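A short worksheet on the structure shown next.
In the numbering used here, the protein residues as written are 309 to 500.
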């Protein structure tokens, strides 16, 4: 079980030093990326629904539809990581070594059950409750992290690991219940 990799993975490289100026103006700098990620997210809510219908009726996930959903997912999570000071590289850039967001394409013969999209929204409720609590806790520590980055020039490692873990948890929920990319139930864990 130690070698198991969940089909959705998020890793963020920890940096000892961060840009204080960028941190100070981060909300303003993130606005264009937030706008684009929000618009793309609204559009992909349609493609998520289409993926669910496709899986239920035809029994597989079209690669082109998966690629659209993955593109949106990556942009949204990069934007969140940028806004939360977990990365310094702008989320709209093609090259970003600080963050890795991977979601495995499901094997059409073995990875997806046809009727699972109809019940995943119920099965994910416990995760949504826990993730809401974790996200609320993160919002309590985010201003502290921002001040520490602003004055010390780095994100304290324990806060960074917690914040990355919360994003990782949210990605797993997203891949399972929104993207419908896996039927493997997400673990209740912040760790990779």
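For glycine and all other residues, C-beta sits at the position ideal for the given N, C-alpha and C.
Note that the structure is predicted; figures quoted are calculated from it, not measured.
Span of the beta strand (DSSP E), counted from its first residue to its last, around residue i
i           : result
residue 479 : Counting along the chain, residue 479 falls outside any beta strand (DSSP E), though it belongs to the alpha helix (DSSP H) covering 465-481.
residue 408 : 407-411
residue 316 : 316-320
Same chain, Cβ closer than 8 Å to residue i, five either side skipped, listed in chain order
i           : result
residue 382 : 409
residue 332 : 458
residue 362 : 368, 369, 370 and 373
residue 326 : 393, 396, 457, 461, 462 and 463
residue 340 : 400
residue 443 : 474 and 478
residue 335 : 391
Expected contact under 8 Å - CB spacing of residue i and residue j to nearest Å
i           : j           : result
residue 387 : residue 342 : 6 Å
residue 478 : residue 449 : Not a contact, Cβ separation roughly 16 Å.
residue 420 : residue 369 : 6 Å
residue 318 : residue 475 : 6 Å
residue 358 : residue 425 : The Cβ separation is near 11 Å, so there is no contact.
residue 328 : residue 364 : With a Cβ gap of about 50 Å, residue 328 and residue 364 do not count as contacting.
residue 496 : residue 438 : 6 Å
residue 390 : residue 431 : Actually they do not touch by this definition, with Cβ atoms about 31 Å apart.
residue 486 : residue 356 : 5 Å
Residues of its chain near residue i, where Cβ-Cβ distance is below 6 Å and the 5 sequence neighbours each way are ignored
i           : result
residue 307 : This structure cannot settle anything about residue 307, because the visible part of the chain is limited to 309 through 500.
residue 316 : 411, 479, 480 and 483
residue 406 : 321, 395 and 397
residue 345 : 383, 384 and 387
residue 473 : 498
residue 354 : none
residue 360 : 425 and 488
Neighbourhood of residue i by C-beta distance below 7 Å, restricted to the same chain and skipping five residues each side
i           : result
residue 454 : 331 and 393
residue 322 : 465 and 468
residue 380 : 348, 349 and 352
residue 415 : none
residue 324 : 462
residue 313 : none
residue 413 : 371 and 374
Extent of the continuous alpha helix (DSSP H) run through residue i
i           : result
residue 382 : 371-391
residue 445 : 433-460
Residue-chain proximity (residue i, chain C), Cβ-Cβ < 7 Å
i           : result
residue 472 : This model lacks chain C altogether, as it is built from one protein chain only.
- prompt: Could you give the uninterrupted runs of the beta strand (DSSP E) lying entirely in the stretch 329-360, keeping only those of 3 residues or more?
  reply: none
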